[in-house]
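Peer 1:
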Amino acid sequence: MIPVISKLPQTGTNIFTTMSALAAEHGAINLSQGFPDYSCSPQLIELVHKAMNDGHNQYAPMAGVMALREQVAIKTEKLYGAQYNPDTEITITAGGTQAVFTAISALIHPNDEVIMFEPAYDCYAPAIKLMGGVVKSLELEPPDYRIAWDMVKRLVSNKTKMIILNSPHNPTATILSREDIDELSALVKNQDIFILSDEVYEHLVFDGQEHHSMARYPELQQRSLIVASFGKTFHATGWKMGYCLAPAYLMQEFRKIHQFLVFSVNTPLQYAIAEYLKEENTYLSLPAFFQEKRDHFRNGLEQSRFQLLPCSGSYFQSVTYDAITDEKDTDFAIRLTKEIGVAAIPVSAFYRKGLDRHVLRFCFAKRQETLDKAVDRLIKV
């Protein structure tokens, strides 16, 4: 055998694959991986069929079907008052993760430093390392996981090239506040620092709160690459459809990588989503839809010994379990799956150093009967 020098020697199978496989093996209710157990809109499926029957089955333009880019531009301006040129500032991607990887690949060079906040979605750090960048992470703590901006300032150096933000946040379900935006704006002013803003849960903000997209703030918009997801928005994660917004000078670099990574993405899906987006209620109705699920799940868990952490956005509910056991979160999550029949994600998996705060993450993007069955089991723990 030829020796292989791994570029990611510490990386194994991710926790989402592991827990979903364990859930399937033991017949557990899978509240671990972030995907719905209900179908997307029948209308959207019919639009995909129509696009296929209309012959839209060959390569799309590298940047995406123009009709879809135009609808994204319209939606973004409606929501955030920001104008993006569909021709030069919007690219359709194979899901949010591809957009994140492409953005990091385009802008991070060896020894560039990237500030990120942990717990963090697991695709950020590996992409930075593959580009030769240096991860500078700030560990956030429950229950509120607020960003200590004075600590962020200490991480900034003349090598800082990018700050990665995720709001609504996976796994903590927190959202950025206006105070966070003001602190961020002051921090990057007169600095050559890019912002990568992972906003795949942009429509899942609860209790009448506002999503503070980087697109809302011109001084941040001009240095930001914003990642979004149609899969998360339209309950079709398996379609792997997303997009990136960025000013033209950044999008030019993004597309240089994108064209050699995937070139273009699913043509009939793009035509279907472009048509579907014309009805704005398809996304404006989502906060109420998911808040109902959140409230139902939280009300059920209040009967258990789990302690609920705040949930302001996304479709994840985190809990602590100190009243139940002092086991490591990984061990408890495995036991919960095998013995109780409910799979969760141990939040230590979102820290590079495996920091264990005895927190588990459940996904409530499920049918009510699924959530009820899960609650029935969890209240017995």
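full-length UniProt numbering puts the sequence shown at residues 1 to 381. For every residue, glycine included, the Cβ atom is placed at its ideal position computed from N, Cα and C.
Exposed or buried, what is Met241 when buried is set at 16 or more other beta-carbons lying within 10 Å of its beta-carbon?
Peer 2: With 16 or more Cβ atoms within 10 Å of its Cβ, Met241 is classed as buried.
Peer 1: Any idea what DSSP makes of Asp198, helix, strand or coil?
Peer 2: Strand.
Peer 1: Grab the span of the alpha helix (DSSP H) containing Arg298 for me, first residue to last.
Peer 2: Here the alpha helix (DSSP H) through Arg298 covers Leu286 to Leu301.
Peer 1: Using 8 Å as the threshold, is the C-beta distance between Arg294 and Phe234 below it?
Peer 2: Contact flag unset, no.
Peer 1: Name, in chain order, the residues that DSSP records as bridge partners for Glu139.
Peer 2: Answer is Glu118.
Peer 1: By the 10 Å Cβ neighbour count, where 16 or more other Cβ atoms means buried, how is Tyr366 classified, buried or exposed?
Peer 2: Contrary to the premise, residue 366 reads as Lys rather than Tyr in this sequence. Under this definition Lys366 is a buried residue.
Peer 1: For Pro171, is the classification buried or exposed, using 16 other Cβ atoms within 10 angstroms of its Cβ as the cut-off for buried?
Peer 2: Pro171 should be labelled buried.
Peer 1: Return yes when the Cβ of Pro310 is within less than 8 Å of the Cβ of Asp144, no when it is not.
Peer 2: For Asp144 and Pro310, yes; Cβs fall inside 8 Å.
Peer 1: May I have the straight-line CA-CA distance separating Tyr124 from Phe101, to the nearest angstrom?
Peer 2: Approximately 8 Å, taken between the alpha carbons.
Peer 1: Please determine, among Arg69, Ala103 and Asp112, the residue with the shortest C-alpha to C-alpha distance to Thr91.
Peer 2: Checking every option, the nearest Cα to that of Thr91 belongs to Arg69.
Peer 1: Is Glu113 helix, strand or coil when you go by DSSP?
Peer 2: Looking at Glu113 - three-state DSSP - the assignment turns out to be strand.
Peer 1: Out of Ser41, Gly27, Ile163 and Leu308, state which residue places its alpha-carbon closest to the alpha-carbon of Thr237.
Peer 2: Comparing Cα-Cα distances from Thr237 to each of Ser41, Gly27, Ile163 and Leu308, the minimum goes to Ser41.
Peer 1: Just to confirm, is the Cβ distance from Phe206 to Ser312 under 8 Å?
Peer 2: Yes; because the gap between Cβ atoms is below 8 Å, this pair is in contact.
Peer 1: Kindly indicate which three-state DSSP category Met162 falls into: helix, strand or coil?
Peer 2: DSSP places Met162 in strand when its eight states are reduced to three.
Peer 1: Is it buried or exposed for Glu202, if we count other Cβ within 10 angstroms and need 16 for buried?
Peer 2: That one is buried.
Peer 1: When the Cα atoms are used, what is the spatial distance from Tyr315 to Phe290?
Peer 2: Whole-angstrom Cα-Cα distance: 7 Å.
Peer 1: Ile104 to Lys380, Cα distance in whole Å?
Peer 2: Going by the C-alpha atoms only, they are around 44 Å apart.
Peer 1: Could you check what DSSP says for Arg69 in three-state terms: helix, strand or coil?
Peer 2: Looking at Arg69 - three-state DSSP - the assignment turns out to be helix.
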